[in-house]
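Visitor:
In our numbering, the protein residues as written are -2 to 194.
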């Protein structure tokens, strides 16, 4: 059968809560048709940790948590809490800089909500707003992750673009520093209500 459907069926059958997937990057026709990694993420609703060749010590001590104007970013919170509590990690929130008043206020509101929940669950965190003069948001997230010895970056995947995903997703997943990335498929907020975490 189809490899990707088999992975999906295995997740559904076992009730898997997490997929760990290794990658050597995009090779050959994958650069045109979309990588195997993105295809696995596309067909499953299971959060997936993407790892590359680089080896790390045991556990995660520094988790990078980008925040954009998308209210779906709050859906990463439960995973951040669980991982941070498990490894006594610090969550590094990076709210995206926005010059427009609407999006700026939206990001501030989302960030405040997330901080309140982290406080409630005694999760250690720091935050650093990105800069409008230091390159793209993806570049700043990766630069920060490298500078702070992060072992994990959290992202929500944008599946609206099909197997090509967004350049944001690909830059994080295939980052040259080979920092593991946990990809979370967002729930359709039009059909669900976000309460607590």
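The beta carbon of each residue, even a glycine, is placed where N, CA and C say it ideally should be. Only a predicted model underlies this, so the values are computations on that prediction, with no experimental measurement involved.
Tell me, please, which residues DSSP counts as bridged to residue 65.
Guide: Counted from its first residue, the chain shown places residue 65 at position 68. Answer by DSSP bridge pairing: none, since residue 65 is not bridged.
Visitor: Regarding residue 49 and the ligand MG, is the C-beta to nearest heavy atom distance less than 8 Å?
Guide: This structure does not include the ligand MG; it has no bound ligands of any sort.
Visitor: Give me, in chain order, the residues of the same chain whose beta-carbon lies closer than 6 Å to that of residue 134; leave out the 5 immediate sequence neighbours on both sides.
Guide: As a working mapping, residue 134 is identified with position 137 in the chain shown. So the list reads 93 and 127, once near-sequence residues are dropped.
Visitor: Secondary structure at residue 74, three-state DSSP: helix, strand or coil?
Guide: The count along the chain shown starts at 1 and reaches residue 74 at position 77. It is helical.
Visitor: How many Å lie between residue 95 and residue 105 at the Cα?
Guide: Residue mapping note: residue 95 aligns to position 98 of the chain shown, counting from 1. Residue mapping note: residue 105 aligns to position 108 of the chain shown, counting from 1. Rounded to the nearest angstrom, the two C-alpha atoms are 10 Å apart.
Visitor: Just to confirm before moving on: does the CB-CB distance between residue 61 and residue 147 stay below 9 Å?
Guide: If you number the chain shown from 1, residue 61 lands on position 64. If you number the chain shown from 1, residue 147 lands on position 150. For residue 61 and residue 147, yes; Cβs fall inside 9 Å.
Visitor: Taking the Cβ atom as the reference point for each residue, do residue 47 and residue 19 lie within a distance shorter than 9 Å?
Guide: For the purposes of this step, residue 47 is identified with residue 50 of the chain shown, where counting begins at 1. For the purposes of this step, residue 19 is identified with residue 22 of the chain shown, where counting begins at 1. Result yes, Cβ atoms of residue 47 and residue 19 sit closer than 9 Å.
Visitor: Write down the C-beta distance between residue 81 and residue 120 rounded to the nearest angstrom, noting that I regard them as a contact closer than 8 Å.
Guide: Taking the first residue of the chain shown as position 1, residue 81 is located at position 84. Taking the first residue of the chain shown as position 1, residue 120 is located at position 123. Correct: roughly 5 Å between the Cβ atoms.
Visitor: Note down, one range per segment and in chain order, each beta strand (DSSP E) of at least 3 residues found wholly within the region 103 to 185.
Guide: As far as the region 103 to 185 is concerned, its whole beta strand (DSSP E) runs of at least 3 residues are 121 to 124, 149 to 153 and 178 to 181.
Visitor: So the candidates are 49, 59, 76 and 165; which of them puts its Cα closest to the Cα of residue 181?
Guide: Locating residue 181 in the chain shown gives position 184, counting from the first residue. Out of 49, 59, 76 and 165, 76 has the C-alpha closest to the C-alpha of residue 181.
Visitor: Per DSSP, what kind of secondary structure is residue 11 in: helix, strand or coil?
Guide: Mapped onto the chain shown, residue 11 falls at position 14. DSSP places residue 11 in helix when its eight states are reduced to three.
Visitor: For residue 87, which residues from the same chain have a beta carbon less than 8 Å from its beta carbon, with the 5 sequence-adjacent residues on both sides left out?
Guide: In the chain shown, counting from the first residue as 1, residue 87 sits at position 90. 58, 59, 60, 81, 121, 122 and 123, listed in sequence order.
Visitor: Quick one: Cα of residue 195 to Cα of residue 45, how far?
Guide: Because the chain is modelled from -2 through 194, residue 195 falls outside the range shown and cannot be assessed.
Visitor: What would DSSP say about residue 79, mapped onto helix, strand or coil?
Guide: For this step, residue 79 is matched to residue 82 along the chain shown. The answer is helix: DSSP assigns residue 79 an H, G or I state.
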